[in-house]
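For the sequence shown, the numbering used here gives the first residue as 61, with consecutive numbering after it.
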Amino acid sequence: MNYINKYRIAYQGLSVGLHEFDFDINDKFFESIEYSEITKGQLTAQVLVNKLSQMLELTIKINGTIEVCCDRCLEDFNLPISFSGILFVKFSGSEKDLDDNVICLSPEENEINLAHYIYESINLSIPLKRVHPLNKNGKSQCNPEMIKKIKEHQINAPIDEDVDPRWDELKKLMENNNNK
Numbered sequence: 061m062n063y064i065n066k067y068r069i070a071y072q073g074l075s076v077g078l079h080e081f082d083f084d085i086n087d088k089f090f091e092s093i094e095y096s097e098i099t100k101g102q103l104t105a106q107v108l109v110n111k112l113s114q115m116l117e118l119t120i121k122i123n124g125t126i127e128v129c130c131d132r133c134l135e136d137f138n139l140p141i142s143f144s145g146i147l148f149v150k151f152s153g154s155e156k157d158l159d160d161n162v163i164c165l166s167p168e169e170n171e172i173n174l175a176h177y178i179y180e181s182i183n184l185s186i187p188l189k190r191v192h193p194l195n196k197n198g199k200s201q202c203n204p205e206m207i208k209k210i211k212e213h214q215i216n217a218p219i220d221e222d223v224d225p226r227w228d229e230l231k232k233l234m235e236n237n238n239n240k
């Protein structure tokens with residue numbers, strides 16, 4: 061059995077109303093996703109399903125930590141992740157006017173697998189700059205030896221900004237056009 065099949069919700073037998081599902085997300089989850097950049101993590105996903113006659117409304121909350129590499133010192137650390145989102149599932153064959161939080165399923169289908177939606181939500185919750193958080197004293201938790209090496213190789217000389225004269229001419233042309 062494929063591990064990501066654990067993240068399926070069979071909605072066909074559910075009565076109209078609210079239903080709650082909890083999913084654990086761990087290293088096996090990330091291993092089962094092809095080409096996953098995330099390899100380790102410990103999170104939980106709470107899914108509240110509001111089944112209506114013609115659609116599902118899923119409120120998804122994901123909390124926990126994943127292991128990422130610090131962009132500054134290159135050491136791994138646990139990054140807290142918190143995601144909250146709503147996903148609408150419509151039962152129709154057409155896919156017109158859909159956006160990112162709407163999925164259309166065929167009326168013949170009876171379940172939805174949330175594994176890829178959960179994975180994408182975790183990925184989108186990762187900040188662009190991944191650095192160790194500050195401790196209680198406001199100091200970085202990065203590896204002090206690596207920070208020392210970075211400072212040793214840092215260039216503190218002012219940067220000469222030789223501007224290509226063509227840019228100055230272009231700027232003059234643009235100013236002349238704006239003044240007309």
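For glycine and all other residues, C-beta sits at the position ideal for the given N, C-alpha and C.
Is the distance from the Cβ of residue 64 to the Cβ of residue 96 below 7 Å?
no
Along the chain, which unbroken stretches of the beta strand (DSSP E) at least 3 residues long are found entirely within the region 99-169?
101-111, 115-129, 136-151, 162-165
Which residue from 139, 68, 134 puts its Cα closest to that of residue 100?
139
According to DSSP, is residue 184 helix, strand or coil?
helix
Residue from 210, 152, 90 with nearest C-alpha to residue 133
210
Please name the residue, chosen from 179, 237, 223, 231, that lies closest to residue 87 on a Cα-to-Cα basis.
179
Three-state secondary structure assigned by DSSP to residue 97
coil
Taking the CB atoms as reference points, tell me whether residue 162 and residue 148 lie closer together than 7 Å.
yes
Leaving out five residues before and five after residue 142 in sequence, what residues of the same chain have Cβ atoms less than 6 Å from its Cβ?
123
So, under 8 Å CB-CB, residue 77 and residue 111 are touching, yes? Tell me the CB distance rounded to an integer number of Å.
6 Å
Mind checking which residues open and close the beta strand (DSSP E) that includes residue 68?
68-70
With a threshold of 8 Å on Cβ separation, who are the neighbours of residue 113 within its own chain once the five nearest residues in sequence on each side are excluded?
76
DSSP on residue 174, reduced to helix/strand/coil?
coil
Rounded to whole angstroms, what is the Cα-Cα separation between residue 232 and residue 215?
For the pair residue 232 and residue 215, the Cα-to-Cα distance works out to about 34 Å.
Below 8 Å on the Cβ atoms is my guess for residue 171 versus residue 69; work out the distance and round it to an integer in Å.
Their Cβ separation, rounded to whole angstroms, is 6 Å, which keeps residue 171 and residue 69 in contact under 8 Å.
With a threshold of 8 Å on Cβ separation, who are the neighbours of residue 190 within its own chain once the five nearest residues in sequence on each side are excluded?
Within the same chain, 128, 129, 130, 131, 139 come within 8 Å of residue 190 by CB-CB distance, once the 5 residues on both sides are set aside.
Am I right that residue 102 and residue 125 are in contact with their C-beta atoms under 8 Å? What's the rounded C-beta distance?
6 Å
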